Amino acid sequence: MPLHSKFAGFLLTLSLCLSSIASADESPADLPGAKIASAEQTKRMLDSGVPVVDTRVGNEFAESHVKGAINVPYKERSAKARDFDAAQDSFDLAKLPADKGKAVVFYCNAGECWKSYKASTVALRAGYREVYWFRGGLPEWKRMGFPVE
95 MPLHSKFAGF LLTLSLCLSS IASADESPAD LPGAKIASAE QTKRMLDSGV PVVDTRVGNE
155 FAESHVKGAI NVPYKERSAK ARDFDAAQDS FDLAKLPADK GKAVVFYCNA GECWKSYKAS
215 TVALRAGYRE VYWFRGGLPE WKRMGFPVE
């Protein structure tokens, strides 16, 4: 096999390895107990009065957020994993709607951002029954051309 073919094969293998490492911290595709919401569903819920919660830190929220969203930052110190230890993190449940039977939507920056996943999980554990996780978050919202502030 010519040297350039071996090198090309090596580069392909290296690139596949790096891409799997890069996506290792990606948030899961599902969240048991929560409903996954698209940008369109999130917009319809927001328009009908359902609270949409941006779980990113304050400076990210100030830079750009879903128009009409409220900011309840999820401050994470725990691992980016399904079995994260919420006791290591900080999230102010008192800033969520008092009625745990009403719908609430959580979002962040999607992909490697786990804040909305973790906030949704913590809300479910606290007894919220209509939890929607807008997994695509702000990037999907912007791609759809929906309003931001």
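Under our numbering, the residues of the sequence shown are numbered 95 to 243, in order. For glycine and all other residues, C-beta sits at the position ideal for the given N, C-alpha and C. Nothing here was measured: the structure is a model prediction, and the numbers come from that model.
Under the three-state reduction of DSSP output, glutamate 154 falls in the helix class. DSSP places tyrosine 211 in the helix class (H, G or I) of the three-state scheme. Annotated as distal: serine 132 and valine 242, with beta-carbon spacing of 7 Å or more. Between valine 216 and methionine 139, the beta carbon gap of about 20 Å keeps them out of contact (Cβ cut-off 8 Å). As computed with DSSP, glutamate 224 is found in a beta bridge with Ala197. Cysteine 202 is positioned such that its CB atom lies no closer than 7 Å to that of glycine 162. Here serine 121 is buried, its C-beta having at least 16 other C-beta atoms within 10 Å. Between glycine 221 and lysine 194, the gap from beta carbon to beta carbon is short of 7 Å. Taken atom to atom, the span from the alpha-carbon of arginine 171 to that of aspartate 124 is near 22 Å.
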